[in-house]
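Chemist: In my numbering, the protein residues as written are 194 to 253.
Rendered as structure tokens:
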């Protein structure tokens, strides 16, 4: 289910290491045309630290 963000609202994301290369639990999961990896790599083949990561929303 899509959550609408209000204009001007800020979202804080935390980069979290995962055991496997996966999109499950990622803030951007479910976006059929996810292009986040082009700007922010999440897989070990694209990251300098060779880690799998996902982007998790930080609830304040």
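Glycine included, C-beta positions come from ideal geometry on N, C-alpha and C.
According to DSSP, what are the bridge partners of residue 206?
Modeler: Answer is 250, bridged to residue 206.
Chemist: Identify which residue in 247, 196, 228 has its Cα closest to the Cα of residue 236.
Modeler: 247
Chemist: By a C-beta neighbour count over all protein chains shown, 10 Å radius and 16 as the cutoff for buried, is residue 227 buried or exposed?
Modeler: exposed
Chemist: Over what stretch of residues does the alpha helix (DSSP H) that includes residue 231 continue unbroken?
Modeler: It spans 229-232 - the alpha helix (DSSP H) in which residue 231 sits, taken as one unbroken run.
Chemist: Within the same chain, show all residues whose beta-carbon is closer than 7 Å to that of residue 209, passing over the 5 residues directly before and after it, in chain order.
Modeler: Excluding positions up to five away in sequence, the list reads 246, 247, 249.
Chemist: In this structure, how does DSSP classify residue 243 when only helix, strand and coil are distinguished?
Modeler: Residue 243: coil per DSSP, three-state reduction.
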